[in-house]
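Chains as they are written, first to last, in full-length UniProt numbering: chain S, 1 to 178; chain E, 1 to 178.
All C-beta atoms, glycine included, are put in the ideal place defined by N, C-alpha and C.
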DNA sequence: ACCTGAACACCGTTCAAGT
DNA sequence: ACCTGAACACCGTTCAAGT
């Protein structure tokens, strides 16, 4: 708040005329950014494509504004349920029912959440990690790191989760038949 | 730091005799906690069981000390690579090679990371969410929430990721044959 | 060797006051 | 209606000093 008002050339208390506290301000920013993420039309394709589309949209937005990631994902339920509902609709159309919708939603949400705290672990700068110091598994693998980009981690993660969700649906059908 | 010294009945600067700054102190705490998580014996069973075991161990530890989660997962690479290496060994024994080991490791790491920022979204108190206010998908599903515990979310998430990783391995084999 | 005190540069926020 | 100033209760940290 103090830095904001400083940058705007106002006194420390100026923002409090517009907003009752810091959280309200961050909620407004989160709401604004969330509203820009598009939900694909329910008829636009298979559920896994639609899911990938929303999640990619959210990820792109968080990538452009990483500072808001924590707030946004913490306050999605309170600030704007549109995206949550959209994702849950997709999961329902995939075949998840009742509590499963929450479980599968939470898996995606948690993964997305984790992405914006991890940057330097997902992509540790190979030059920072001194290979001669490491006599371990990581050491032998470090050379492969230079070919990986943030996008590769994202794609692999989302693919893994989508494949996992498909398997959960398949297991469900198997149980029902058995 | 100030609160710590206050609770120890020392002056604000007392901790700086032992530690050069706040991060060094948190690194020491993270290292201590990480060292308590056991890595299963490589011959103790199939990779998915071993993976579930480490991840459950890490999760249990973070559950008991949620304050250290962010530090620990951010500093795993720097502070103590034992757990990272252990997980990567498991993933290699599963059949992942080269860059895939990083990609699959990152998926797990990211998921684990997300868990400790999300508590109140994974388990929103049903009484906090006023159903009459919600005319949406979430509203219809809220009643199911009361039967879900944190453990259910964890199990579903890990199962989904493990199933997803199995699918990634299967796709790899398919490609190789094709 | 272990600790303190004063100081600096920050936070978010309350409350009364100014135009 | 919109903003300021002083103050409170916090932070992490530097630096010189004390026993």
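query	result
Is residue 17/E buried or exposed, if buried means 16 or more other CB atoms sit within 10 Å of its CB?	exposed
Is the CB-CB distance between residue 34/S and residue 76/S below 9 Å?	yes
Just to check my reading of the structure: residue 161/S and residue 108/S have Cβ atoms closer than 8 Å, yes? What is that Cβ distance to the nearest angstrom?	6 Å
Helix or strand or just coil, what does DSSP make of residue 14/S?	helix
Tell me, please, whether the CB atom of residue 62/E is closer than 9 Å to any CB atom in chain S?	no
For residue 164/S, count the other beta carbons within 10 Å of its own beta carbon; 16 or more makes it buried, fewer makes it exposed. Which is it?	buried
Closer than 7 Å, Cβ to any Cβ of chain E: which residues of the region 94–106 of chain S, in chain order?	98, 99, 101, 102, 103 and 106
Within 9 Å (strictly less), CB to CB, does residue 115/S reach chain E?	yes
For chain S, check one thing: does any of its Cβ atoms lie closer than 9 Å to the Cβ of residue 166/E?	yes
So, do the region 77–93 of chain E and the region 25–41 of chain E have three or more beta carbon pairs nearer to each other than 8 Å?	yes
Around the C-beta of residue 104/S, are 16 or more other C-beta atoms found within 10 angstroms, so that it is buried, or is it exposed?	buried
How about the region 134–146 of chain E and the region 134–149 of chain S: do they share at least three Cβ pairs that are nearer than 8 Å?	no
Please tell me whether residue 161/S has its Cβ less than 9 Å away from any Cβ of chain E.	yes
Would you say residue 74/S lies against chain E (beta-carbon separation less than 9 Å)?	yes
So residue 148/S contacts chain E; which residues on that side make the cut at Cβ distance below 8 Å?	99, 102 and 103
Quick check: the Cα distance between residue 29/S and residue 23/E, rounded to an integer number of angstroms?	30 Å
Closest to residue 31/S by C-alpha separation, out of 140/S, 88/S and 65/S, would be which residue?	65/S
From residue 157/S to residue 106/E, what distance separates their C-alpha atoms?	8 Å
Under the three-state reduction of DSSP, which class applies to residue 119/S: helix, strand or coil?	Residue placement at residue 119/S is poorly supported in this model, since its pLDDT is 45, which falls under 50; the coordinates still yield a value, given next. Helix, per DSSP.
Taking a contact to mean a Cβ-Cβ separation below 9 Å, would you say residue 25/S touches residue 73/S in this structure?	no
Give the secondary structure of residue 55/S by DSSP, where H, G and I count as helix, E and B as strand, and everything else as coil.	helix
What is the DSSP secondary structure of residue 2/S, counted as helix, strand or coil?	helix
Let's see if you can read the secondary structure: which residues bound the alpha helix (DSSP H) around residue 149/E?	Element bounds for residue 149/E: n/a, residue is neither H nor E.
Let's see if you can read the secondary structure: which residues bound the alpha helix (DSSP H) around residue 74/S?	69–79
Is there a Cβ of chain E sitting closer than 9 Å to that of residue 3/S, yes or no?	no
Could you give the first and the last residue of the continuous alpha helix (DSSP H) run that contains residue 24/S?	22–35
Check this for me: beta carbons of residue 154/S and residue 70/S, under 9 Å apart or not?	no
Quick one: give me the first and last residue of the alpha helix (DSSP H) that residue 89/E is part of.	82–94
Might you give, ordered along the chain, the residues of its own chain that have their beta carbon closer than 6 Å to the beta carbon of residue 51/S, omitting 5 neighbours on each side?	90
Using Cβ-Cβ distances below 8 Å, what residues of the region 37–57 of chain E are close to chain S?	none
Check the Cβ of residue 152/S against every Cβ in chain E and list those closer than 7 Å, keeping chain order.	103
In whole angstroms, give me the CA-to-CA distance for residue 9/S and residue 61/E.	46 Å
Excluding the 5 residues flanking residue 15/S on each side, which residues of the same chain have their C-beta closer than 7 Å to its C-beta?	1, 4, 5 and 25
Closer than 7 Å by beta-carbon distance: list the chain S residues that pair up with residue 144/E, in chain order.	98, 99 and 102
DSSP three-state label for residue 104/E, please.	helix
Name the chain E residues that come within less than 7 Å of residue 34/S, Cβ to Cβ?	In chain order: nothing, as chain E lies at least about 14 Å away.
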